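See structure below.
Here it is, written out as structure tokens:
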């Protein structure tokens, strides 16, 4: 199992990840359910019509947090947007309900992204780092 597969597996066990960004000088955090692993890279998706997208453009430094039992994961890095059509096809295959949101009728456009210079920290609730992986 690669390091990214290990991180992705923890994310799946956590089910919902929380993504922290900034809006000006105000921190923002929201749940994010979509993720996929393709060619040993973890990808996420949002809509270009969402405030999240605007926040990512303004400040691409983010942190994801997920919790499983007494452990949690911090996954930080700098957002890089992806335009590879095969990734979008894979995203719709991974989560078919996305097609109900992102289509010609709604006019909503999806944006896939991943983290560059990512760091994954597996931690305990006692604030102990169990493992730190740099990508």
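Residue numbers (my numbering): 21 to 155.
All C-beta atoms, glycine included, are put in the ideal place defined by N, C-alpha and C.
Please read all numbers here as calculations on a predicted model, not as lab measurements.
N-terminal and C-terminal residue of the alpha helix (DSSP H) that residue 94 is part of:
No alpha helix (DSSP H) contains residue 94, which is instead part of the beta strand (DSSP E) from 91-102.
With which residues is residue 136 paired in a DSSP beta bridge?
98
With residue 50 as the anchor, note down where its beta strand (DSSP E) starts and where it stops.
46-52
Using only the alpha-carbon positions, how far apart do residue 34 and residue 86 sit?
5 Å
Helix, strand or coil, according to DSSP, for residue 38 in the structure here?
strand
Give the straight-line distance between the Cα atoms of residue 146 and residue 100, rounded to the nearest whole angstrom.
32 Å
Kindly indicate which three-state DSSP category residue 55 falls into: helix, strand or coil?
coil
How would you write the range of the beta strand (DSSP E) that residue 126 sits in, first residue to last?
Segment: none, residue 126 is in no beta strand (DSSP E) and carries neither H nor E.
Between 97, 112, 150, which lies nearest to residue 82 when the distance is taken from Cα to Cα?
97
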